[in-house]
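>
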DNA sequence: CCGAAATAGGATGTCAATGTCCTGTTTTTG
DNA sequence: CAAAAACAGGACATTGACATCCTATTTCGG
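Residue numbers (the working numbering), protein chains in the order written: chain S, 18 to 169; chain B, 18 to 169.
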């Protein structure tokens, strides 16, 4: 009956849904290509099971994962971990929208951004670049001793 | 009666409130140090007047602007445009929260972030850095021919 | 073919962000 | 001092993100 968020947002920059999708996909990558049951992923990644199911359906529609019903079914990556970047996941769930034109739609100037929105767009670009630079496979190879998702 | 957002979010990364705060502060910087009335700022920046008033109150509490009541009063910057960065404004309204520890609070490892959250934090860092690198004064000096906020 | 295993998806609930409105309080000017 | 100017702030409305639950529907194994 209590519908307050189960977990505090990691950062206001990322939606809870992005966080959940990333956890799930990293979990899948660690076990790729074996399919995993949604309930198991939810437990391991500490994501609400019913909500994770919705998130995974979204990822399926974007071609990130495959869902298989029935005994022995479950969720698996649609591509190899070396073919998926963090950006692919983020964009599938909550696309990074670069600023293409001034949000104040004055027609007194062309498509050129004012200085403020240009700077904001540059910040978005740097984030986009950071996310594009790492594949799931590289995440798993990370020398960091803490395994992804902090489980073991 | 219609309470749908007046303007589409510029990017899911930035809240509407951050966008409004930045527009208002840039407007103030262009006219610094003369105080401006909230209603005038709202009109020039295309922000709902009553909501802008709330945003400005928040900025006052964070020491970004000064509010003066009565005839001849209005809103003015609490510091020179060369003393305020975009990051100062963003953090006053919707602080960028860097990821300090794994959001899955397993105690099986220390404060070290797993590879996924380390990458996410690096993306936040790059955005933070981008925002810290520009002061309001530098925004106004921008060689870009479109004046900030696209008005004139 | 039957039953168990899984996902599919609709209906519904809650809350914070966004936005409006109205009345109070402070300050300045004449 | 009186009146107008301007912010202060509480009450309230709406919406989308987050979340749950329950009932299909599909698929595999024996």
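For every residue, glycine included, the Cβ atom is placed at its ideal position computed from N, Cα and C.
Nearest-angstrom Cα distance between residue 155 of chain S and residue 99 of chain S?
7 Å
> With three or more beta-carbon pairs closer than 8 Å as the criterion, would you say the segment 39 to 52 of chain B touches the segment 33 to 51 of chain S?
no
> Taking Cβ-Cβ distances shorter than 8 Å, what residues in chain B pair up with residue 156 of chain S?
132, 133 and 136
> Note down, in chain order, all residues in the segment 110 to 123 of chain S with a beta-carbon under 9 Å from any beta-carbon belonging to chain B.
111, 112, 113, 114, 115, 116, 119, 120, 121, 122 and 123
> Which partner residues of residue 83 of chain B appear in the DSSP bridge assignment?
B:93
> For the candidate residues B:139, B:78, B:150 and B:133, whose alpha-carbon lies nearest to that of residue 110 of chain B?
B:78
> Which residues in chain S sit within 7 Å of residue 12 of chain B, going by Cβ to Cβ distance?
There is no way to answer for residue 12 of chain B, as the model of chain B reaches only from 18 to 169.
> Since I believe residue 30 of chain S is in contact with residue 141 of chain B (beta carbons under 8 Å), could you give me their beta-carbon distance rounded to a whole number of angstroms?
6 Å
> Check whether the Cβ of residue 49 of chain B lies closer than 8 Å to any Cβ atom in chain S.
no
> Can you check which of these residues, S:64, S:119, S:139 and S:57, is closest to residue 93 of chain S by C-alpha distance?
Of S:64, S:119, S:139 and S:57, the residue nearest in Cα terms is S:57.
> Count the other CB atoms within 10 Å of the CB of residue 88 of chain B; is the residue buried (16 or more) or exposed (fewer)?
exposed
> Given that residue 100 of chain B touches chain S, what residues does it touch there, using C-beta distances under 8 Å?
Per Cβ cutoff of 8 Å: no residues; residue 100 of chain B is ~17 Å from chain S at best.
> When we look at the beta-carbon of residue 67 of chain B and count the other beta-carbons within 10 Å, is it buried (16 or more) or exposed?
exposed
> Taking 8 Å as the threshold (C-beta atoms), are residue 113 of chain B and residue 145 of chain B in contact?
yes
> Within 10 Å of its beta-carbon, does residue 9 of chain S have 16 or more other beta-carbons around it, so buried, or fewer, so exposed?
Absent from the structure is residue 9 of chain S, since the part of chain S shown begins at 18 and ends at 169.
> Can you tell me whether residue 153 of chain S is helix, strand or coil according to DSSP?
DSSP places residue 153 of chain S in helix when its eight states are reduced to three.
> Kindly say whether residue 105 of chain B, judged by its beta-carbon, lies nearer than 8 Å to any beta-carbon of chain S.
So, not an interface residue.
> By how many angstroms is the C-alpha of residue 153 of chain S removed from the C-alpha of residue 102 of chain S?
6 Å
> In terms of residues, what are the limits of the alpha helix (DSSP H) holding residue 106 of chain S?
103 to 110 is the span of the alpha helix (DSSP H), which, as asked, contains residue 106 of chain S.
> Out of B:133, B:158, B:157 and B:159, state which residue places its alpha-carbon closest to the alpha-carbon of residue 159 of chain S.
With respect to the C-alpha of residue 159 of chain S, the residue from B:133, B:158, B:157 and B:159 having the closest C-alpha is B:133.
> Using a C-beta cutoff of 8 Å, does residue 140 of chain B count as contacting chain S?
yes
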